[in-house]
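Novice:
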Amino acid sequence: MHVLVLFLTLHLGFSPTLVKPERNFPRVVPSQLQLFEYSSLTVTCEGFFNDKTKWRVLRSVKSGSKSPCNTGNLFGQCYITTLYPADSGEYWCENKNGLKSEKVRIVVTAGNVTLESPVHPVIVGDTVTLRCIEKQELKTTKFDFYKNGVPVHTSSTGEMTFHNISVSDQGRYKCGISENQFSEENLLRVRAVFLETPDQPVTEGQNVSLFCKDKMAASKYMSFFYKDDKLIGNSLIGKLTLNKVSKSDEGVYKCKTSEDRESEEQWLAVRERTVPRIVLSKRQFFVYTNLTVTCGGYFNDMTKWRVLRSNTVEKRSPCNKNSNTFGSCHIAMLYPADSGEYWCESEDRRRSESVWITVTVANVILESPVHPVIDGDSVTIFCTEKRKKKKTASTKFDFYKDGVCVHTSSTGEMTLHNISVSDQGRYKCNISENKFSEENLLQVKAVFLESPDQPVSEGENVTLFCRDKMAASNYTSLFYKDDQMIGNSSSGTITLDKISKSDEGVYKCQTSEDRESEEQWLAVRADNNLTSKTLPKELFLTALVALPLLLFLLGFIYKKYRERTFPRIVVSKLQYFEYTSLNMTCEGFFKDKIKWRVVRDIKTKNKSPCDKDSSHYGACHIAMLYISDSGEYWCESEDGKSESVTITVTAANVILVSPVRPVMVGDNVTLNCLVTKNYKRSKKFDFYKDGVYYHTSPTGEMTLHNISVSDQGRYKCNIRENKFSEENLLQVKTVFLESPDQPVSEGENVTLFCRDKMAASNYTSSFYKDDEMIGKSSTGMMTLAKVSKSNEGVYKCQTSEDRESEEQWLAVTVRDRLTIVAPSSGDPSQDKRG
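Residue numbers -19 to -1, 1 to 815, in mature numbering (1 follows the signal peptide of the UniProt record, and there is no 0), belong to the letters of the sequence shown in order.
1. Does the Cβ of Ala453 have 16 or more other Cβ atoms within 10 Å, making it buried, or fewer, making it exposed?
2. For Pro132, name the three-state secondary structure that DSSP assigns.
3. For Glu394, which option in Val385, Ser403, Tyr381 and Val402 has the closest C-alpha, if you only look at C-alpha atoms?
4. I'd like the span of the beta strand (DSSP E) that includes Ile338, first residue to last.
5. Whose C-alpha, out of Ile475, Asp495, Asp667 and Asp463, is nearest the C-alpha of Glu485?
6. Tell me the DSSP secondary structure of Asn772 in three-state form.
7. CA-CA distance, Pro350 and Thr361?
8. How is Pro317 classed by DSSP in three states: helix, strand or coil?
9. Please report the straight-line C-alpha distance between Asn714 and Asn653, rounded to a whole angstrom.
10. Let me check one thing: in DSSP terms, what residues is Gln465 bridge-paired to?
11. Over what stretch of residues does the beta strand (DSSP E) that includes Ser41 continue unbroken?
12. Would you mind sorting His101 into buried or exposed? The rule is 16 or more other CB atoms within 10 Å of its CB.
13. What number of angstroms, rounded off, separates the C-alpha of Phe143 from the C-alpha of His134?
14. Grab the span of the beta strand (DSSP E) containing His398 for me, first residue to last.
15. Give the DSSP-derived three-state secondary structure of Asp737 in the structure shown.
16. Do Val105 and residue 827 count as a contact pair if the criterion is CB distance below 7 Å?
17. Could you name the residues of the same chain whose beta carbon sits closer than 8 Å to that of Val354, not counting the 5 residues immediately before and after it, in chain order?
18. Does the Cβ-Cβ distance between Asp68 and Val89 come in under 7 Å?
19. Between which residues of its own chain and Val94 is the CB-CB distance below 6 Å, once the five residues before and five after are set aside?
20. Do you know whose CA, among Ser262, Ala199, Ser229 and Gly214, lies nearest Ser562's CA?
21. As a quick exercise: from Arg170, Ser21 and Thr492, pick the residue whose alpha carbon is nearest that of Ile87.
22. Which residue marks the beginning of the beta strand (DSSP E) containing Leu710, and which one marks its end?
23. In whole angstroms, give me the CA-to-CA distance for Tyr539 and Thr732.
24. Which residues in the same chain as Phe668 place their Cβ atom closer than 6 Å to its Cβ, once the five residues preceding and following it in sequence are excluded?
25. Do Glu708 and Arg695 count as a contact pair if the criterion is CB distance below 7 Å?
26. Under the assumption that residue 848 contacts Lys367 (Cβ atoms under 8 Å), give the Cβ distance between them as a whole number of angstroms.
27. Assess, as a yes-or-no matter, whether the segment 166 to 177 is touched by the segment 193 to 205 under the definition of 3 or more beta carbon pairs within less than 8 Å.
28. Can you tell me whether Ile688 is helix, strand or coil according to DSSP?
29. Going by DSSP, which residues form a beta bridge with Pro49?
30. In angstroms, rounded to a whole number, what distance separates the CA positions of Glu500 and Lys489?
31. What's the C-alpha gap between Val551 and Glu568?
32. Which ranges does the beta strand (DSSP E) cover as unbroken runs of at least 3 residues, wholly within the segment 114 to 201, from first to last along the chain?
33. With DSSP as the reference, label Lys714 as helix, strand or coil.
34. Got a sec, what are the start and stop residues for the beta strand (DSSP E) Asp592 sits in?
35. Are the CB atoms of Ser320 and Val340 nearer to each other than 7 Å?
36. I need the straight-line Cα distance from Cys276 to Ile259, nearest angstrom please.
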């Protein structure tokens, strides 16, 4: 996982005027902010991913007019080979419609000294180094560093390092050398709170977890998560999961803690699910060299795939000159005009992820892995010169990560031994005379999916292994095919028995540590011996007669358990301010979203769909709430409905945020009294339980440590002038039912555990399915052997202390089904699995 920090306001020398973007877009990313005359500059826009052709870098320099950073109105990143002081000014990202990011100011100096510092905010606790860079002909032995105009450090090496940096280190820094020669000022910003997200972009259908970390919090805290400045959820554990993300989840996210500290904004990019990935040896090429691009995962289907590209000449064109040529692409001689995006695409327009290839006339390129590497590997990055001169002791290659120098080498190589996720970032290199390569993104994965050599043959048993190099102990592995979960395992393995062409697809795995592998294509080739098999005629006739009776029985059983059990409604909180948004889902959907919807009973109507579109099934989203939206909400299918929850939308200035579902004895639970943004912050918040004054807080929080059943009750809060929130019921459970990740697969052995936090000694546990007892245990454990769809339902447990757990939905997915094919003379039928 990695941390992105978006939309930074940077000041160098003076404060630029910020233009407020019409909406939030990816941030502008310069390689550094102070540069010497005659050096080079690269500017990109973070958050592009596959959309580089839709964005460009613009600037406003001393002449005052707006102009493209690239000559010729080119889209994508900007590269200036030779800088002059006239290139100083503001730079920003902008799309075709004129919508733009915030600006940063870049200074090109004819002076003798620049300051190199992090372009974007750093996190409390990090180690941060500032570097005072002088022109090569100078031999300075004394470098002075200043913070807010006051000298703070003197160095003979030109470096100043902050170990375990804190917010108090934030400020404007500059440096000076002898004879009163100073650099421009850079603003160093320090954040205590950061939002941790997965590698970007994420893929449609993934479950994406966001983590809000507060490095200054002394104890547990409430985290609030925002998308495009709208609150979307809160959490006592600092975690929010977006289930099965889609393009509608793309946007700008941030978090805030109950300590009133806020993270920087981050862009979450969502790409369409990928098919076989594009394969090439490197991303940067010298002009007049050659290039070969293939698509991993072809195998038996090479005639159905080809390589396409989008460059400065054509928006979309075949990589091969012959537009009818399928398969790999080879370009014998490259030119700068061949720079651009390359991807694999099928005849039905399904495409892989794209990669950006740069063809340069410069004298240096960086060679690094194209695809993610695995945590613990040893990885070597090469800085390659165009004209390979004999290396001498004075030859110097500098390697940079995220704009900061991290290594100097005389061989042009940098090896990262036992690589870790912290090594992930954007790397570039330079040689003498300030000749820089382009940047490459190095991605590091802790989890990888191990599969057999490709392709595999029909009828084989194929075992996949999920490995997590960062896991300290045992972990549960979840396996996915085409973004649908197909099973989980505590041993990290899953076996696909007697595979067929229907098993071909994109696989990945995820561990219980919320880390995910890269996707892999599993290719299956037909086995001619297998396809000659046929069902005996006697078996076929027997199955044909029995099929109607079997279908009737299955339909009857399905209807019965659907009548008895329903998923519960899931909402982040029960009280909302007017004009905010609401998201509501039904836990237990899994693959049946089209059969369920959210229904409500509000003041203005009786029963009506939550969504305006009455034909809409699945989750409900209300973009803007009004008081008239207050009422009861529940999940409903054609067969019945779940329990309901009461949602209150208020025009008042205060609401109470508390857990919607029961909490467990022993937990630490925080209640939050929230006021509207336009209301002056109160310095006194009173909390009431069951109508009686209970607690006063200056922060708006009340934490119940080691909660017990006696803490259960109806809570409300108020601020000055006797303005009260509505009441919320806080429920406390002593018993809980522990089950595996949902859904489970048919044929698995599923173990349920009944835990009683108040039991003083051994106790007997009774297990229930759909309110009927199915077993007892003196160990608190019950195993369902080789589960099937008939095991799907609502489970709970009860202990001999007469205490009961909350109900849980157990969902079972079908592994595969047998399709019976009638034999025909002269044409043997085949075994097929759907």
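All C-beta atoms, glycine included, are put in the ideal place defined by N, C-alpha and C. Predicted model only: the values in this text are computed from it and were never measured.
Specialist: In short, the structure shows the following:
1. For the purposes of this step, residue 453 is identified with residue 472 of the sequence shown, where counting begins at 1. Ala453 should be labelled exposed.
2. Indexing the sequence shown from 1 puts residue 132 at position 151. Under the three-state reduction of DSSP output, Pro132 falls in the strand class.
3. Counted from its first residue, the sequence shown places residue 394 at position 413. With distances taken between Cα atoms, Glu394 lies closest to Tyr381.
4. As a working mapping, residue 338 is identified with position 357 in the sequence shown. Run containing Ile338: Val336 to Thr341, per the beta strand (DSSP E) assignment.
5. The residue labelled residue 485 in the question sits at position 504 within the sequence shown. Taking only the C-alpha atoms, the option nearest Glu485 is Asp463.
6. Position 791 of the sequence shown, counted from the first residue, corresponds to residue 772. In the structure shown, Asn772 sits in a helix (DSSP, three-state: H, G or I).
7. In the sequence shown, residue 350 corresponds to position 369, counting from 1. In the sequence shown, residue 361 corresponds to position 380, counting from 1. Answer to the nearest angstrom: the Cα atoms are 9 Å apart.
8. Walking along the sequence shown from the start, residue 317 turns up at place 336. Helix at Pro317.
9. Within the sequence shown, the letter at position 733 stands for residue 714. Within the sequence shown, the letter at position 672 stands for residue 653. According to the sequence shown, residue 714 is Lys rather than Asn. The straight-line gap from Cα to Cα measures roughly 21 Å.
10. Here residue 465 refers to the residue found at position 484 of the sequence shown. DSSP output for Gln465 lists Lys462 as bridge partner(s).
11. By 1-based counting over the sequence shown, the position of residue 41 is 60. Element bounds for Ser41: Trp36 to Val42.
12. Counting from 1 along the sequence shown, the entry for residue 101 is found at position 120. Classification of His101: buried, given that the 10 Å Cβ count is 16 or more.
13. Translated into the one-based positions of the sequence shown, residue 143 becomes position 162. Translated into the one-based positions of the sequence shown, residue 134 becomes position 153. Using only the alpha carbons, I get a separation of about 11 Å.
14. On the sequence shown, position 417 is the one that residue 398 refers to. Boundaries for His398: no beta strand (DSSP E) harbours it, and the DSSP string shows neither H nor E there.
15. One-based indexing of the sequence shown puts residue 737 at position 756. Asp737 falls in the strand class under three-state DSSP.
16. The structure shown does not extend to residue 827, since the chain is modelled only from -19 to 815, so the question has no answer here.
17. Here the question's residue 354 lines up with position 373 in the sequence shown. Correct list, in chain order: Val360, Ile400, Leu423, Gln424, Val425 and Lys426.
18. Locating residue 68 in the sequence shown gives position 87, where the first residue counts as 1. Locating residue 89 in the sequence shown gives position 108, where the first residue counts as 1. Their beta carbons are under 7 Å apart, which means Asp68 touches Val89 by this criterion.
19. Numbered from 1 along the sequence shown, position 113 holds the residue referred to as residue 94. Cβ within range, chain order: Glu115, Ile158, Gln162 and Ser164.
20. Here residue 562 refers to the residue found at position 581 of the sequence shown. Considering only alpha carbons, the answer is Gly214.
21. Start at 1 with the first residue of the sequence shown, and residue 87 comes out as number 106. Closest by alpha carbon: Ser21.
22. Position 729 of the sequence shown holds residue 710. Leu710 -> beta strand (DSSP E) spans Asn709 to Leu711.
23. Counting from 1 along the sequence shown, the entry for residue 539 is found at position 558. Counting from 1 along the sequence shown, the entry for residue 732 is found at position 751. Because Tyr539 sits at a pLDDT of 37, beneath the cut-off of 50, its placement in the model cannot be relied upon, and the point is left open.
24. Within the sequence shown, numbered from 1, the residue matching residue 668 stands at position 687. Once the five neighbours on either side are set aside, the close Cβ partners of Phe668 are Tyr675, His676, Met683 and Cys698.
25. As a position in the sequence shown, residue 695 is number 714, starting the count at 1. As a position in the sequence shown, residue 708 is number 727, starting the count at 1. Cβ atoms of Arg695 and Glu708: closer than 7 Å.
26. Residue 848 is absent from the structure shown; the chain starts at -19 and stops at 815.
27. Taking a cut-off of 8 Å for Cβ pairs, the segment 193 to 205 and the segment 166 to 177 touch, as three or more such pairs fall below it.
28. Within the sequence shown, numbered from 1, the residue matching residue 688 stands at position 707. Residue state, collapsed to three classes: coil.
29. As a working mapping, residue 49 is identified with position 68 in the sequence shown. In the DSSP output, where bridge partners are listed per residue, Pro49 has Leu39.
30. As a working mapping, residue 500 is identified with position 519 in the sequence shown. As a working mapping, residue 489 is identified with position 508 in the sequence shown. Distance between the alpha carbons of Glu500 and Lys489 is about 5 Å.
31. Counting from 1 along the sequence shown, the entry for residue 551 is found at position 570. Counting from 1 along the sequence shown, the entry for residue 568 is found at position 587. Going from the Cα of Val551 to the Cα of Glu568 covers about 6 Å.
32. 124 to 128, 131 to 136, 140 to 143, 152 to 158, 167 to 169, 174 to 177 and 189 to 195
33. Counted from its first residue, the sequence shown places residue 714 at position 733. DSSP places Lys714 in strand when its eight states are reduced to three.
34. In the sequence shown, residue 592 corresponds to position 611, counting from 1. Looking at the DSSP string, Asp592 is not in any beta strand (DSSP E), and its letter there is neither H nor E.
35. Stepping through the sequence shown from its first residue, residue 320 is reached at position 339. Stepping through the sequence shown from its first residue, residue 340 is reached at position 359. The answer is yes: Cβ separation under 7 Å.
36. Along the sequence shown, read from residue 1 onward, the residue named residue 276 stands at position 295. Along the sequence shown, read from residue 1 onward, the residue named residue 259 stands at position 278. The alpha-carbon atoms of Cys276 and Ile259 are separated by roughly 5 Å.
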